[in-house]
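Step one of this worksheet: look at the structure below.
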Amino acid sequence: MNLIRIYNLLFPLINIQENPDYFSGKRFIEKVREFDESHPTYPQYIDIMRSKNELKSRKDYYLEILESFSPDIQIGIINSIIEDLENKENDNIQRIRELLNGANVVPNAVIAEELWNAERLTRYLSEIDNSISQGNYERATTLSYTCLEGFFKSFVNANIPDQSSVNEIIRLARIIRTYLRQNIKNYPDEALSLLSNITHTVDRTRNQFSEAHFGEETQRWLAIYIRDLVNSQIRMLLTFM
Numbered sequence: 605m606n607l608i609r610i611y612n613l614l615f616p617l618i619n620i621q622e623n624p625d626y627f628s629g630k631r632f633i634e635k636v637r638e639f640d641e642s643h644p645t646y647p648q649y650i651d652i653m654r655s656k657n658e659l660k661s662r663k664d665y666y667l668e669i670l671e672s673f674s675p676d677i678q679i680g681i682i683n684s685i686i687e688d689l690e691n692k693e694n695d696n697i698q699r700i701r702e703l704l705n706g707a708n709v710v711p712n713a714v715i716a717e718e719l720w721n722a723e724r725l726t727r728y729l730s731e732i733d734n735s736i737s738q739g740n741y742e743r744a745t746t747l748s749y750t751c752l753e754g755f756f757k758s759f760v761n762a763n764i765p766d767q768s769s770v771n772e773i774i775r776l777a778r779i780i781r782t783y784l785r786q787n788i789k790n791y792p793d794e795a796l797s798l799l800s801n802i803t804h805t806v807d808r809t810r811n812q813f814s815e816a817h818f819g820e821e822t823q824r825w826l827a828i829y830i831r832d833l834v835n836s837q838i839r840m841l842l843t844f845m
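Note that this note's numbering numbers the sequence shown so that position 88 is 692, with each residue one more than the last.
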């Protein structure tokens, strides 16, 4: 992976002050610590720099921090930063993703069994993006399925405990759709119907991915499409947890 080229494209995107996409030193290090809690906090890092009498620009010390990690962690951090950006239409983001596609590493992220929230979804998405970056589109699709299935189970356990024994993803989607229809009167029925449609799409794609003979580019956009469906579906349902 050519970290320097990727970083030179990334830094201008996160260096616009008074912009929602601006990554201050504190925000950058907090992002890094999502992947390695042993990394110094922002105040600790500043103290270390002062003790060494080192005066570096933010661009230099951000890169130095990234370079201290293995390639798989670097990919995870970069993908997670991109996911946080509000302006995803910038051409540099696509160029970064294309450069990441050449990275030949194996992610080692472990997703703990814990209560679902936006932070956990972000970690899942980061691992999915890692797989897409490696060209492992089947694994990315399987992770998307696992992510949606795990969230459905958590949602049912939290809101419909008498149905907590159900494990099949299509049945879980139906249970959640019925629950929402009964409890959220003003929500568009078309949006609730999408819940089942998206679940069927994710389920069928995951089951047929290894059997179908898709071209590589088709595999890539399909994996990205499934990932985005799962992301939007879970973010919508998180508001009702």
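All C-beta atoms in this analysis are idealised placements derived from N, C-alpha and C, irrespective of residue type, glycine included.
Give me the Cα-Cα distance between Gln621 and Ser628, rounded to the nearest whole angstrom. Numbered from its first residue, the sequence shown carries residue 621 at position 17. Numbered from its first residue, the sequence shown carries residue 628 at position 24. If I take the Cα positions, the gap works out to 8 Å.
Closer than 6 Å: is that where the CB of Thr645 sits relative to any heavy atom of the ligand FAD? Ligands in the displayed structure: none, and consequently the ligand FAD is not present.
Proximity to Ser836 [Cα-Cα], best of Asn811, Gln812 and Val806: Translated into positions along the sequence shown, residue 836 becomes position 232. A check of alpha carbon separations from Ser836 across Asn811, Gln812 and Val806 identifies Val806 as the nearest.
Under a Cβ-count criterion, where at least 16 other Cβ atoms within 10 Å of its own Cβ denotes burial, should Asn734 be classed as buried or exposed? Walking along the sequence shown from the start, residue 734 turns up at place 130. Here Asn734 is buried: its Cβ has 16 or more other Cβ atoms, across all protein chains shown, within 10 Å.
Could you have a look at Arg784 and say whether DSSP puts it in helix, strand or coil? Residue 784 sits at position 180 when you count from the first residue of the sequence shown. Contrary to the premise, residue 784 reads as Leu rather than Arg in this sequence. It is helical.
Euclidean distance between Cα positions of Asn657 and Glu638: Against the sequence shown, residue 657 aligns to sequence position 53. Against the sequence shown, residue 638 aligns to sequence position 34. Between the C-alpha atoms of Asn657 and Glu638 there is a straight-line separation of about 27 Å.
Three-state secondary structure (DSSP) of Tyr666: Stepping through the sequence shown from its first residue, residue 666 is reached at position 62. Of the three classes helix, strand and coil, the one that applies to Tyr666 here is helix, per DSSP.
With a 10 Å radius around its C-beta and 16 neighbouring C-beta atoms as the bar for buried, classify His823 as buried or exposed. Here residue 823 is taken as the residue at index 219 of the sequence shown, counted from 1. It should be noted that the sequence gives Gln, not His, for residue 823. Under this definition Gln823 is a buried residue.
Count the other CB atoms, across all protein chains shown, that sit within 10 Å of the CB of Ser655; report buried if there are 16 or more and exposed otherwise. Locating residue 655 in the sequence shown gives position 51, where the first residue counts as 1. By the 10 Å Cβ count, Ser655 comes out exposed.
Quick check: the stretch 608–624 against the stretch 691–705, are there 3 or more CB pairs under 8 Å? Contact check between the stretch 608–624 and the stretch 691–705: three or more CB pairs, one atom from each, fall below 8 Å, which counts as touching.
Start and end residues, alpha helix (DSSP H) containing Lys630: Looking up residue 630 in the sequence shown gives position 26. Boundaries of the alpha helix (DSSP H) around Lys630: Gly629 to Arg637.
If we call anything under 7 Å between Cβ atoms a contact, is Ile788 one with Phe759? The count along the sequence shown starts at 1 and reaches residue 788 at position 184. The count along the sequence shown starts at 1 and reaches residue 759 at position 155. Contact annotation: Ile788 and Phe759 have beta-carbon atoms that are not nearer than 7 Å.
Which of the three DSSP states, helix, strand or coil, is assigned to Phe755? Translated into positions along the sequence shown, residue 755 becomes position 151. Three-state result, Phe755: helix.
Between the alpha carbons of Leu752 and Leu659, how many angstroms are there, rounded? Working through the sequence shown from its first residue, we reach residue 752 at position 148. Working through the sequence shown from its first residue, we reach residue 659 at position 55. Answer to the nearest angstrom: the Cα atoms are 46 Å apart.
Taking C-alpha atoms, which residue in Thr843, Arg778, Pro644 and Phe755 lies nearest to His804? By 1-based counting over the sequence shown, the position of residue 804 is 200. When only C-alpha atoms are compared, the closest one is Arg778.
Buried or exposed for Ala744, please, with buried defined as at least 16 other CB atoms from any protein chain shown within 10 angstroms of its CB. Position 140 of the sequence shown holds residue 744. With 16 or more Cβ atoms within 10 Å of its Cβ, Ala744 is classed as buried.
Check for me: the alpha helix (DSSP H) holding Met653 runs from which residue to which? For the purposes of this step, residue 653 is taken as residue 49 along the sequence shown, with counting starting at 1. Met653: member of the alpha helix (DSSP H) spanning Tyr646 to Ser655, first to last residue.
Cβ contact (3+ pairs, closer than 8 Å) linking the stretch 754–772 and the stretch 788–799: At 8 Å Cβ cutoff, the stretches do not touch.
Could you tell me the distance, in whole angstroms, from the CA atom of Arg775 to the CA atom of Ile633? Walking along the sequence shown from the start, residue 775 turns up at place 171. Walking along the sequence shown from the start, residue 633 turns up at place 29. Linking Arg775 to Ile633 through their CA atoms gives a straight-line distance of about 41 Å.
Looking only at its own chain, which residues have a Cβ that is under 6 Å from the Cβ of Val709, when we skip the five neighbours before and after it? Locating residue 709 in the sequence shown gives position 105, counting from the first residue. For Val709, the predicted structure reports a pLDDT of 38, less than 50, and the residue's modelled location is therefore unreliable. The matter cannot be settled from this model.
With 16 other Cβ atoms within 10 Å as the buried cut-off, status of Ala707: For the purposes of this step, residue 707 is identified with residue 103 of the sequence shown, where counting begins at 1. Interpretation of Ala707 is limited by its pLDDT of 47, a score under 50 that renders its predicted location unreliable; the figure taken from the coordinates is listed afterwards. The residue is buried, with at least 16 neighbouring Cβ atoms inside 10 Å.
Roughly how many angstroms lie between the CA atoms of Thr782 and Arg808, to the nearest whole one? Taking the sequence shown and counting its residues from 1, the one referred to as residue 782 is at position 178. Taking the sequence shown and counting its residues from 1, the one referred to as residue 808 is at position 204. In this structure, the CA atom of Thr782 is about 22 Å from the CA atom of Arg808.
Closer than 6 Å by C-beta to Tyr749: which residues in its own chain qualify, once you throw out the five before and the five after it? Chain order, please. Here residue 749 corresponds to residue number 145 of the sequence shown, with the count starting at 1. For Tyr749, where only same-chain residues beyond five positions count, the Cβ hits under 6 Å are Val806 and Arg810.
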